[in-house]
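Engineer: Mind having a look at this structure? Questions to follow.
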Amino acid sequence: MFTPSGVHADVAPGTSLLDAARAVKVDLDSTCGGRGLCGRCQVTPSVGEFAKWGITSDESSVSPWTSSEADYKGRRTIEPGGRLGCMATALADVVVDVPPASQVHRPVVRKKIDLPGLTLDPLITARYVELPELELGDERSDVEILREALAIDWGIEGVSVEACVLSELHPAIIDGKRTVTAIVHRDGSVMAVRPGFDEVVYGVAVDVGSTTIAGYLVDLATGDVVANAGAMNPQIRFGEDLMSRVSYVMMNPGGDDELTSAVRDALDTLIEDLCNDLDTDLLPDDVRTHIHDIVLVGNPVMHHLLLGIDPTPLGAAPFTLTVGEPVDMRAGDLDLNLPYARCHVGPCIAGHVGADAASATLNERTHATVEPQLMVDIGTNAEIVLGTAERTYAASSPTGPA
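If you want it as structure tokens, here you go:
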């Protein structure tokens, strides 16, 4: 079984995974004629029990590591768990994931965004201050001086400087010749300090869907969407729909950790794509240091797996959420390489009506209309919201892979 295509190949034992893919027209790249030289046919055999397809696969389902693969790995990179499709052969039933990099026609995922009538009110702002020169006998610390400057110049009283910023504060003051730009959260904490005048503050909005992940890079000073990117959700190799993934977690010890790692890695890669897509003089790594806010939404299963929460209670009635209210944390808590960013994971409404439906309802104002409004979000999991300012109803239904 090949994922994410869901195409089944019935081949004889000993058939290479590349030949099996070609036999059923699965989109798997190869430019060296299957000689183990180009590395473009890399695939990932999945290990575990896949109830939807009636397949249980383990390491013995494919042939052992070959000398050609070892030679290739000595020259280039094979991803962890990866194999060269031209060298690895199928010995038993196996689920094989074909990553986007190995597909001849790589998926390009883009989702348009429409933001009508929004009032800009960012939680995080850049505040430039000029700090006084120190004189002999002035025993104030750098933090105290910065705190006083923000109070005098911007009316921001009693700020605190986050621990991760303390080691960078004095060098920034020196490099900026006693001028700095403080990145200040509405709660009064200084999240970053830059030398001189540097007002660039970015935020990221991400919809973590069952099939696709869509991300938008936003200039928090102007509200402009300055870059967008999308990707297939790599969890699809564990199951095409939500219940298949919950089933995988139920049947495979550690399956929840696999699914969590997969979506977090994809999210970090998506952020890298956003940074690379941005038309700016900043290097991509510098763009990351200018990202300070990230908002994530998704259906309850995606929400729980992203947070590292076991989703199995959502697999059967009464479909209990572990947490429904918003969750706030540092980006590093989600394994994201954003050293100065905070994450806000939106609230879920009920067992299978998630933060994506909540955010869509807010955007469309389904909950605030005089006349009844019906909002439908059709994806792998469809959400339906019917409401007015007096009362709102929400429901969801599986629709199959989007």
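Residue numbers (our numbering): 3 to 404. Glycine included, every Cβ here is placed at the ideal spot set by N, Cα and C.
In this structure, does DSSP put Ser-48 in helix, strand or coil?
Structural biologist: Translated into positions along the sequence shown, residue 48 becomes position 46. The answer is strand: DSSP assigns Ser-48 an E or B state.
Engineer: So, Val-206 versus Gly-217, is the Cβ gap smaller than 8 Å?
Structural biologist: Here residue 206 refers to the residue found at position 204 of the sequence shown. Here residue 217 refers to the residue found at position 215 of the sequence shown. Yes, they are a contact pair.
Engineer: Using only the alpha-carbon positions, how far apart do Leu-309 and Leu-138 sit?
Structural biologist: Within the sequence shown, the letter at position 307 stands for residue 309. Within the sequence shown, the letter at position 136 stands for residue 138. Approximately 51 Å between the Cα atoms of the pair.
Engineer: Alpha carbon to alpha carbon, what distance is there between Met-377 and Leu-388?
Structural biologist: By one-based count along the sequence shown, residue 388 stands at place 386. By one-based count along the sequence shown, residue 377 stands at place 375. Each residue's Cα considered, the two are about 6 Å apart.
Engineer: Between the beta-carbon of Gly-353 and the beta-carbon of Thr-322, is there less than 8 Å?
Structural biologist: Counted from its first residue, the sequence shown places residue 353 at position 351. Counted from its first residue, the sequence shown places residue 322 at position 320. Taking 8 Å as the Cβ cut-off, Gly-353 and Thr-322 qualify as a contacting pair.
Engineer: In the DSSP assignment, the alpha helix (DSSP H) including Glu-373 goes from what residue to what residue?
Structural biologist: Your numbering for residue 373 matches position 371 in the sequence shown. It is not in any alpha helix (DSSP H) - Glu-373 carries neither H nor E in the DSSP assignment.
Engineer: Check Glu-392 in the structure and name its three-state DSSP category.
Structural biologist: In the sequence shown, the residue the question calls residue 392 occupies position 390. Of the three classes helix, strand and coil, the one that applies to Glu-392 here is coil, per DSSP.
Engineer: State the start and end residues of the unbroken beta strand (DSSP E) segment that holds Asp-330.
Structural biologist: Reading the sequence shown from its first residue, position 328 is the one you call residue 330. That run of the beta strand (DSSP E) goes 329 to 332.
Engineer: Between which two residues does the beta strand (DSSP E) holding Arg-344 run?
Structural biologist: Sequence index remark: in the sequence shown, residue 344 carries index 342 (1-based). It spans 344 to 347 - the beta strand (DSSP E) in which Arg-344 sits, taken as one unbroken run.
Engineer: Compute the distance between the beta-carbons of Asp-258 and Asp-335, then report whether it is under 8 Å.
Structural biologist: Sequence index remark: in the sequence shown, residue 258 carries index 256 (1-based). Sequence index remark: in the sequence shown, residue 335 carries index 333 (1-based). Cβ atoms of Asp-258 and Asp-335: not closer than 8 Å.
Engineer: Determine the direct distance from the alpha carbon of Lys-54 to that of Ala-404, and round the result to whole angstroms.
Structural biologist: As a working mapping, residue 404 is identified with position 402 in the sequence shown. As a working mapping, residue 54 is identified with position 52 in the sequence shown. Caution applies to Ala-404, whose pLDDT of 48 falls short of 50 and renders its modelled position unreliable; the value that the coordinates give is listed next. The straight-line gap from Cα to Cα measures roughly 17 Å.
Engineer: What is the DSSP secondary structure of Asn-383, counted as helix, strand or coil?
Structural biologist: Taking the sequence shown and counting its residues from 1, one reaches residue 383 at position 381. Residue state, collapsed to three classes: strand.
Engineer: Out of curiosity, what's the CA-to-CA distance linking Ser-104 and Ser-69?
Structural biologist: Within the sequence shown, the letter at position 102 stands for residue 104. Within the sequence shown, the letter at position 67 stands for residue 69. In a straight line, the C-alpha of Ser-104 is about 21 Å away from that of Ser-69.
Engineer: Pick helix, strand or coil for Gly-178, following the three-state DSSP scheme.
Structural biologist: One-based indexing of the sequence shown puts residue 178 at position 176. In the structure shown, Gly-178 sits in coil (DSSP, three-state: anything other than H, G, I, E or B).
Engineer: What separation, rounded to the nearest whole angstrom, lies between the Cα atoms of Ile-175 and Pro-341?
Structural biologist: The sequence position of residue 175 within the sequence shown is 173, counting from 1. The sequence position of residue 341 within the sequence shown is 339, counting from 1. Rounded to the nearest angstrom, the two C-alpha atoms are 20 Å apart.
Engineer: With DSSP as the reference, label His-10 as helix, strand or coil.
Structural biologist: Reading the sequence shown from its first residue, position 8 is the one you call residue 10. His-10: coil per DSSP, three-state reduction.
Engineer: So is Tyr-395 buried or exposed if we call it buried at 16+ other beta carbons inside 10 Å?
Structural biologist: The sequence position of residue 395 within the sequence shown is 393, counting from 1. Classification of Tyr-395: exposed, given that the 10 Å Cβ count is below 16.
Engineer: Please state whether DSSP places Ala-404 in a helix, a strand or coil.
Structural biologist: Taking the first residue of the sequence shown as 1, we reach residue 404 at position 402. With a pLDDT of 48 at Ala-404, under the threshold of 50, the predicted position of this residue should be treated as unreliable, though the coordinate-derived value follows. Three-state DSSP puts Ala-404 in coil, outside helix and strand.
Engineer: In terms of residue numbering, what span does the beta strand (DSSP E) encompassing Asp-209 cover?
Structural biologist: Looking up residue 209 in the sequence shown gives position 207. Per DSSP, Asp-209 belongs to the beta strand (DSSP E) from 204 to 210.
Engineer: Going by Cα to Cα distance, which pick from Val-49, Arg-42, Val-227, Val-26 is closest to Pro-255?
Structural biologist: Here residue 255 refers to the residue found at position 253 when the sequence shown is read from its first residue. Checked all of Val-49, Arg-42, Val-227, Val-26; the closest Cα to Pro-255 is Val-49.
Engineer: Does the stretch 155 to 166 touch the stretch 190 to 199, meaning 3 or more C-beta pairs lie closer than 8 Å?
Structural biologist: Yes, the stretch 190 to 199 touches the stretch 155 to 166.
Engineer: Let me know the secondary structure DSSP gives Met-234 once reduced to three states.
Structural biologist: Locating residue 234 in the sequence shown gives position 232, where the first residue counts as 1. DSSP places Met-234 in strand when its eight states are reduced to three.
Engineer: Is there contact between the stretch 82 to 98 and the stretch 39 to 47, where contact requires at least three CB pairs shorter than 8 Å?
Structural biologist: Contact between the stretch 82 to 98 and the stretch 39 to 47 is present, because at least three Cβ pairs lie under 8 Å.
Engineer: Look at the Cβ atom of Ser-361, then the Cβ atom of Gly-381, and state whether they are nearer than 8 Å.
Structural biologist: Indexing the sequence shown from 1 puts residue 361 at position 359. Indexing the sequence shown from 1 puts residue 381 at position 379. No. Outside cutoff.
Engineer: On the DSSP letters alone, give me the boundaries of the alpha helix (DSSP H) that Ala-1 sits inside.
Structural biologist: One cannot answer for residue 1 here, as it falls past the ends of the chain, which runs 3 to 404.
Engineer: Mind checking which residues open and close the alpha helix (DSSP H) that includes Val-265?
Structural biologist: Here the question's residue 265 lines up with position 263 in the sequence shown. From DSSP, the alpha helix (DSSP H) with Val-265 extends over 257 to 279.
Engineer: Tell me the DSSP bridge mates of Ser-398?
Structural biologist: The residue you call residue 398 lines up with position 396 of the sequence shown. Looking at the DSSP assignment, Ser-398 forms a beta bridge with Glu-385.
Engineer: Let me know if Pro-302 comes out buried or exposed under the rule of 16 or more other beta-carbons within 10 Å of its beta-carbon.
Structural biologist: Locating residue 302 in the sequence shown gives position 300, where the first residue counts as 1. It counts as buried.
Engineer: Name the DSSP bridge partner or partners of Asp-221?
Structural biologist: Taking the sequence shown and counting its residues from 1, the one referred to as residue 221 is at position 219. Per DSSP, Tyr-204.
Engineer: If distances are taken between C-alpha atoms only, which option among Asp-73, Met-234, Val-220 comes closest to Val-228?
Structural biologist: Counted from its first residue, the sequence shown places residue 228 at position 226. Ranking the options by Cα distance to Val-228, first place goes to Val-220.
Engineer: Here's a check: name, in chain order, each residue in its chain whose Cβ is nearer than 6 Å to the Cβ of Ile-147, leaving out the five neighbours to either side.
Structural biologist: Against the sequence shown, residue 147 aligns to sequence position 145. Once the five neighbours on either side are set aside, the close Cβ partners of Ile-147 are Leu-133.
Engineer: The alpha helix (DSSP H) that contains Ile-147, what's its start and end?
Structural biologist: Taking the sequence shown and counting its residues from 1, the one referred to as residue 147 is at position 145. That run of the alpha helix (DSSP H) goes 144 to 156.
Engineer: How about Gly-356 and Val-248: are their beta carbons less than 8 Å apart?
Structural biologist: Taking the sequence shown and counting its residues from 1, the one referred to as residue 356 is at position 354. Taking the sequence shown and counting its residues from 1, the one referred to as residue 248 is at position 246. No, they are not a contact pair.
Engineer: Sort Val-9, Arg-367, Cys-34 by Cα distance to Ala-25 and report the nearest one.
Structural biologist: Locating residue 25 in the sequence shown gives position 23, counting from the first residue. Ala-25 has its Cα closest to that of Val-9, out of Val-9, Arg-367, Cys-34.
Engineer: Give me, in chain order, the residues of the same chain whose beta-carbon lies closer than 8 Å to that of Ser-32; leave out the 5 immediate sequence neighbours on both sides.
Structural biologist: Looking up residue 32 in the sequence shown gives position 30. Taken in chain order, the residues that qualify are Leu-20, Cys-40, Arg-42, Cys-43, Gly-87, Cys-88.
Engineer: Only counting the same chain, and skipping five residues up and downstream in sequence, which positions put a Cβ closer than 7 Å to that of Pro-6?
Structural biologist: Taking the sequence shown and counting its residues from 1, one reaches residue 6 at position 4. So the list reads Met-234, Ile-238, Arg-239, once near-sequence residues are dropped.
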